[in-house]
Every structure is written in C-alpha cells, then in structure tokens.
Amino acid sequence: MRWVIPILLSLASTASADHNGDHRDIVAGQSLYADNCASCHGANLEGQPNWQSLNADGVLPAPPHDGTGHT
Ligand code: HEC
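Here the sequence shown is numbered in this note's numbering, starting from 193 and rising by one per residue.
Spelled out as structure tokens, the structure:
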C-alpha cells in the first residue's frame with residue numbers, strides 16, 4: 193500500500209527526535225503503533241479476521257505482524 197510508506201517515514205522522524213544516535217525508540221514505537229496501526233493490525237499484532245481472503249469490498253484485510261514489523 194503506497195500510503196503506508198509516507199506514514200512510516202513521518203513516524204520514524206517523530207520517534208527518533210530525542211534520541212542518542214540510535215534511531216530506534218521502543219517505547220515511542222509502542223504508543224505510535226497503538227495509536228496508528230492497532231486499529232487495523234490488532235493490539236496484539238494479530239491482524240484482522242480472515243486476512244488471507246478478499247473481503248466484501250474485494251480488498252484484503254490487514255495481515256498480522258511479527259515482532260520485527262513484517263507481515
Ligand atoms: C486502515 C487500516 C490500516 C492501518 C491503520 C494500518 N494498516 Fe498496515 N495494512 C493494512 C492492510 C489492509 C494491509 C494489506 C495491504 C494489501 O494487501 O494490499 C496492510 C499492510 C501492511 C504491511 C505489509 C506491507 C504492505 O504494503 O502490504 C505493513 C508492513 C503494514 N501494513 C504496517 C502498518 C503500520 C506500521 C501501520 C501504522 C503506522 C499500519 N500498517 C496501519 C491496513 C492498515
């Protein structure tokens with residue numbers, strides 16, 4: 193999905209704003225995920241039900257994530 197990438201880039205710049213050279217911020221990432229991603233990908237990364245099948249609109253639901261953010 194093309195719109196995911198600009199969102200990720202803007203989140204990445206927000207999350208690394210106050211950091212010590214390491215651009216990861218686990219705590220910020222957790223709340224950013226909860227605010228911006230969990231509504232579709234699930235609070236526990238579980239994705240949406242029947243994510244492997246097209247839904248009534250003919251599009252795929254959100255897939256589950258693994259612990260590295262891959263689906
Ligand atoms: C409006 C619902 C929705 C939200 C909010 C959402 N996603 Fe997704 N995401 C999806 C769907 C649906 C797919 C599957 C896209 C497809 O199959 O074409 C997906 C796919 C992905 C993928 C797989 C790569 C790809 O392009 O298919 C990643 C990674 C991902 N999302 C990360 C995120 C992250 C990180 C956030 C929060 C910043 C987020 N998503 C927020 C619905 C959402």
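Every residue gets a Cβ at the ideal spot worked out from N, C-alpha and C, and that includes glycine. Values in this document were obtained by computation on a predicted structure and should not be read as measured data.
| task | Flag A248 as yes if its beta-carbon sits less than 8 Å from any beta-carbon of chain C, otherwise no. | result | Checking the listed chains, one finds no chain C in this structure; it contains a single protein chain.
| Rounded straight-line distance, which links the Cα of A226 to that of V251 | 23 Å
| message | I'd like to confirm something about S223: is its beta-carbon nearer than 7 Å to some heavy atom of the ligand HEC, or not? | response | no
| query | Assuming P256 contacts G221 under a Cβ cut-off of 8 Å, what Cβ separation, rounded to an integer in Å, is found between them? | reply | That pair is no contact at about 17 Å.
| request: Could you tell me the boundaries of the alpha helix (DSSP H) in which S223 lies? | output: 218–228
| From this set, N228, T260, H262, G239, which residue's C-alpha is nearest P253's C-alpha? | It is G239 whose Cα lies nearest to the Cα of P253.
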